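Each position in the sequence shown, counted from 1, maps to that position plus 42 in my numbering. In what follows, a single structure is set out as structure tokens and then discussed.
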Amino acid sequence: MLNFSFQNTTRIHFGEGKISAISREIPIDAKVLVTYGGGSIKSNGVYDQVVAALKDHQWFEFSGIEPNPSYNTLIKAVDLIQQHKIDYVLAVGGGSVIDGSKFIVAAACYKGDDPWHIVSKQEKIQQALPLAAILTLPATGSESNTGAVITRDGHKLPFGSPLVRPVFAVLDPTVTLSLSDRQISNGVIDAFVHTIEQYLTYSVNGKVQDRFAEGLLLTLIEEGPKALQADTKNDLDVRSNIMWAATMALNGLIGAGVPQDWSTHMIGHELTGRYGIDHARTLSIILPAVMKVRRTEKHDKLLQYAERVWQLTTGSDDEKIDQAIALTEQFFTSMQVPTRLSQIEVGVDAIDELLDLLEQHGMVALGEHQDIDLAVSRQILITAL
Ligand code: NZQ
Ligand code: ZN
43 MLNFSFQNTT
53 RIHFGEGKIS
63 AISREIPIDA
73 KVLVTYGGGS
83 IKSNGVYDQV
93 VAALKDHQWF
103 EFSGIEPNPS
113 YNTLIKAVDL
123 IQQHKIDYVL
133 AVGGGSVIDG
143 SKFIVAAACY
153 KGDDPWHIVS
163 KQEKIQQALP
173 LAAILTLPAT
183 GSESNTGAVI
193 TRDGHKLPFG
203 SPLVRPVFAV
213 LDPTVTLSLS
223 DRQISNGVID
233 AFVHTIEQYL
243 TYSVNGKVQD
253 RFAEGLLLTL
263 IEEGPKALQA
273 DTKNDLDVRS
283 NIMWAATMAL
293 NGLIGAGVPQ
303 DWSTHMIGHE
313 LTGRYGIDHA
323 RTLSIILPAV
333 MKVRRTEKHD
343 KLLQYAERVW
353 QLTTGSDDEK
363 IDQAIALTEQ
373 FFTSMQVPTR
383 LSQIEVGVDA
393 IDELLDLLEQ
403 HGMVALGEHQ
413 DIDLAVSRQI
423 LITAL
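This is the structure:
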């Protein structure tokens, strides 16, 4: 196992009715900014629950944080914070609202030349306002991690700091019942790929991490399709298991002490930045190609994945790996997401531009061995056609 330090300080309030916990969690003298997206929280009752819980607090609101949150939108919230001397931010939404709010809390305390440098130059964040989250879409893990992804002029870039990790997060699975099938699928796939990217590398004999990861993968494979089937889609146990799996997939636990390979995400970000494809749908296209192109480097872990996750016990090693990749694609198809670039009408002529973008963004040494250079990324994109 590799050396690591692990700390996750986000207090989780999980379960039906837990939104009311925010009245006790947020200091009564705080001036709160409630941030949210395009209005789903107004139609599913979450907004009303927030209003009721904050009845004794002084609070303001900022809406309109879009999927793949943009710098141009977020910077307006920073103005509002300065105008009203706000000192606490409560993000209510999915990964986009929470990620966007992470940028807002950092930019509000930024003392340098240009707050965009937090993202574009990865300037170290020195200070941030406290942030809390009410999660409405299980997917990204943003509710208890330190990362965020922000878009500006078609460039989708990550940043992170322990200072933007939410102080607490409310996970009420009933809130997810208003999600469309597309968003449910996206969430399950995102969490699945997060788990894979911290698992499918090379073995360092991290048994706890491996078995946690396999447990999450099995849970998502079992419960994901149920959240789309008419007779089980409103089952709260199904929703609870998906919600907790998505948080655990990217809260730092399974990735501590093991190698990681975020190439699927980094290549996927270019597809979202350039073509606006949903984040998870870029992952379902790129991951199978990564498995195929990196099959030699990932051989032992692919075999472990085949045997422990897909329970493939007969045939040669190569046959098991072939089958595991095919079953991964079948799972993605059963979750109604694409597995090829052709399904989203991106052709071979797009590849040079995507590689240029990867280069511009410094994504030239990806993977657990930092050896996924532009030539390997080209192979991955060609394999995904
Ligand atoms: O804006 P509203 O009206 O709220 O609607 C949203 C949005 O249109 C809707 N929605 C959310 N909760 C709902 C709901 N609709 C009905 N009922 C509910 N309960 O869903 C739509 C998509 O929301 P979004 O927040 O964009 O989705 P998701 O949670 O998948 O977040 C994706 C973003 O997270 C980033 C992605 O790059 C992308 O920008 N990621 C962040 C990560 C992190 N911070 O660690 C890691 C991930 O890999 C990912 O990159
Ligand atoms: Zn993701």
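Backbone N, C-alpha and C define an ideal beta-carbon position, used for all residues, glycine too. Just so it is clear, the structure is predicted and the values come from calculations on it, not from any experiment.
For residue i, name the three-state secondary structure that DSSP assigns.
i, result
"E264", "helix"
"H403", "coil"
"G189", "strand"
"G137", "helix"
"T370", "helix"
"H55", "strand"
"V418", "helix"
"Q124", "helix"
"G106", "coil"
"Y241", "coil"
"I284", "helix"
"A269", "helix"
"V93", "helix"
"F234", "helix"
"Q18", "Residue 18 is absent from the structure shown; the chain starts at 43 and stops at 427."
"H321", "helix"
"G294", "coil"
"R207", "coil"
"V217", "helix"
"S65", "helix"
"K340", "coil"
"Y78", "strand"
"G229", "helix"
"F48", "coil"
"I70", "coil"
"H197", "strand"
"S358", "coil"
Ordered along the chain, which non-local residues of its own chain (more than five positions away) have a Cβ less than 6 Å from that of residue i?
i, result
"S65", "A95"
"C151", "Q169 and A170"
"K340", "L242"
"L399", "E312"
"G442", "The question about residue 442 has no answer, for the chain in this structure spans 43 to 427."
"D342", "S245"
"P267", "S376"
Give the straight-line distance between the Cα atoms of residue i and residue j, rounded to the nearest whole angstrom.
i, j, result
"M308", "Y347", "22 Å"
"S112", "M377", "28 Å"
"T77", "Q124", "15 Å"
"I17", "E312", "Since the displayed the chain opens at 43 and closes at 427, residue 17 lies outside it and no answer follows."
"K334", "T188", "31 Å"
"Q271", "L408", "37 Å"
"S138", "A149", "16 Å"
"G80", "I107", "7 Å"
"I160", "G154", "9 Å"
"M405", "V418", "12 Å"
"I225", "P215", "Just to set this straight, residue 225 is Gln in the shown sequence, not Ile. C-alpha separation (whole angstroms): 14 Å."
"V206", "V147", "7 Å"
"E387", "G310", "15 Å"
"H126", "K73", "8 Å"
"L423", "D252", "28 Å"
Since residue i and residue j should fall inside the 8 Å C-beta cutoff, what is the C-beta to C-beta distance between them, to a whole number of angstroms?
i, j, result
"P180", "Y130", "At roughly 24 Å, the Cβ-Cβ gap does not stay under 8 Å, so P180 and Y130 are not in contact."
"L345", "I367", "Rounded, the Cβ-Cβ distance is 12 Å, inconsistent with contact."
"L213", "A233", "At roughly 13 Å, the Cβ-Cβ gap does not stay under 8 Å, so L213 and A233 are not in contact."
"N228", "R323", "7 Å"
"A190", "L132", "A190 to L132, Cβ: 16 Å. No contact."
"N293", "N50", "5 Å"
"E349", "T356", "Not really, about 10 Å apart at Cβ, beyond 8 Å."
"T314", "N86", "The pair is not a contact, with the Cβ atoms about 25 Å apart (cut-off 8 Å)."
"T178", "I83", "7 Å"
Leaving out five residues before and five after residue i in sequence, what residues of the same chain have Cβ atoms less than 8 Å from its Cβ?
i, result
"L122", "L75, F102, F104 and I128"
"P351", "In the sequence on display, residue 351 carries Val and not Pro. Once the five neighbours on either side are set aside, the close Cβ partners of V351 are E256, L259, L260, I263 and A366."
"I70", "D98 and H99"
"R53", "E67, V209, F210 and A211"
"V120", "I146, A149, A150 and P157"
In chain order, what residues of the same chain have a beta carbon less than 7 Å from the beta carbon of residue i, not counting five sequence neighbours either side?
i, result
"I231", "A322, L325, S326, F374, M377 and V379"
"T237", "A255, L258, L259, A291 and I296"
"E410", "T243, Y244, P301, Q302 and D303"
"A426", "I327, I328, A331, R382 and L383"
"Q421", "V335"
"N276", "L219"
"S184", "G137, I140, D141 and A190"
"L429", "No statement about residue 429 is possible, as the shown extent of the chain runs from 43 to 427 and does not include it."
Any beta carbon from chain D within less than 9 Å of residue i's own beta carbon?
i, result
"G142", "Of the protein chains in the structure, only one exists, and it is not chain D."
inquiry  = Is it the case that the segment 110 to 126 contacts the segment 53 to 61, given that we only count it when at least three CB pairs across the two stretches are under 8 Å?
reply    = no
The segment 281 to 292 touching the segment 242 to 259, judged by at least three CB pairs closer than 8 Å = yes
inquiry  = Pairs of beta-carbons, one from the segment 238 to 246 and one from the segment 390 to 398, closer than 8 Å: are there three or more?
reply    = no
message = When you compare the segment 270 to 282 with the segment 298 to 313, are there three or more beta-carbon pairs, one atom per stretch, that lie closer than 8 Å?
response = no
task = Check whether the segment 197 to 208 touches the segment 149 to 164, taking contact to mean three or more Cβ pairs, one atom from each stretch, closer than 8 Å.
result = yes
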